[in-house]
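The block underneath contains the structure these notes are about, expressed in structure tokens.
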Amino acid sequence: MRVIGLMSGTSYDAIDAAAAELTLEGEDLTLRPLGMVSEAYDGALGEALAAALPPVATTLAEVCRLDTLIGQAFAAAAVRADRELCGGGAELVASHGQTVYHWVEDGRAHGTLQLGQPAWIAEATGLPVVADFRPRDIAAGGQGAPLVSLVDLLWLRGRAGTPVALNLGGIANLTAPDGTAFDSGPGCALVDVAVRGLTGGRLNYDMDGALAARGTVHEPLLDRLLAEPYYALPAPKTTGKE
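Converting from the sequence shown to the working numbering requires adding 9 to each position, the first position being numbered 1.
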């Protein structure tokens, strides 16, 4: 089965579409990567999305509008991935959507909201679409994130010592070999904003960490950031831009 996966992280800069061929033989599931394409959000949509994210207030009308526009953008990425990576032979699309809010109280996730209406993807591709992964995990008692840890565990299995996987996404997350996984704190969501500000908009992100590698640690600022109460909370825990 050829499957397309769609994802846009909390940096909300682009939609990534990855394709893979899955083969089930007995109890063994084999995944063969077919490639990945990336579609940047157009300027107007990116600006509208940024203007609606916490802590900025928004309206239900704007949420509805963004749900449609992001869904259409995801649909276009899926059509492209099917054409370029699957030769028109994709059989299923899995869409994460665009996270815009993560509701956490008393150390527990109670809800999460991803925009990007899956119906637009289904209509554009003619394929079945699976979505709402995070709400399903929360309903089952989980935190809704990080989902990438399911794959990280496969990479860590059998390695010597006590390795961990650290994903520097918009929100950074960590996976340990025992299955413990949690959001460790902000990542590129803040870094990208700093890069745009420091370069006057010339750069949108720090390619390969080149700017950071040339810098030095600002200890007072680091101490102020590490005073954030979130870091003292026990795992598992999740957070977002809010």
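Backbone N, C-alpha and C define an ideal beta-carbon position, used for all residues, glycine too.
No experiment lies behind these values; they were computed from the predicted model shown.
- prompt: How long is the line joining the alpha carbons of L220 and T32, rounded to whole angstroms?
  reply: So the alpha carbons of these two residues sit roughly 42 Å apart.
message: My output table needs one value for P238: the three-state DSSP class, helix, strand or coil.
response: DSSP places P238 in helix when its eight states are reduced to three.
- request: Run the CB neighbour count on D115, radius 10 Å, all protein chains shown included, and call it buried at 16 or more, exposed below.
  value: Label assigned to D115: exposed.
query: Does DSSP classify P64 as helix, strand or coil?
result: P64: coil per DSSP, three-state reduction.
- prompt: So which of D22, A23, T39, Y21 has the shortest CA-CA distance to A29?
  reply: The candidate whose alpha carbon is nearest that of A29 is T39.
message: Along the chain, where does the alpha helix (DSSP H) containing G206 start, and where does it finish?
response: 197-207 is the span of the alpha helix (DSSP H), which, as asked, contains G206.
task: Classify V157 as helix, strand or coil using the three-state DSSP reduction.
output: In the structure shown, V157 adopts coil according to DSSP, grouped into three states.
field: Pairwise C-alpha distance: W164 and D192
entry: Near 19 Å, if we compare the C-alpha coordinates of W164 and D192.
task: With a floor of 4 residues, list each alpha helix (DSSP H) that falls wholly inside the region 127-180, ordered by position along the chain.
output: Entirely contained in the region 127-180, the alpha helix (DSSP H) runs reaching 4 residues are, in chain order, 127-134, 142-148, 158-165.
message: For D51, count the other beta carbons within 10 Å of its own beta carbon; 16 or more makes it buried, fewer makes it exposed. Which is it?
response: Only exposed fits D51, as fewer than 16 other CB atoms lie within 10 angstroms of its CB.
query: Would A244 pass as a contact of T19 if the rule is Cβ separation under 8 Å?
result: Taking 8 Å as the Cβ cut-off, A244 and T19 do not qualify as a contacting pair.
query: Quick one: any contact between the region 210-217 and the region 141-161, if contact means 3 or more CB pairs under 8 Å?
result: Result no; under three Cβ-Cβ pairs closer than 8 Å.
- request: Could you have a look at T121 and say whether DSSP puts it in helix, strand or coil?
  value: Correct three-state label for T121: strand.
task: Give every residue of the same chain whose Cβ lies closer than 8 Å to the Cβ of E93, excluding the five residues on either side of it in the sequence, and list them in chain order.
output: Result list for E93: G44, V46, in chain order.
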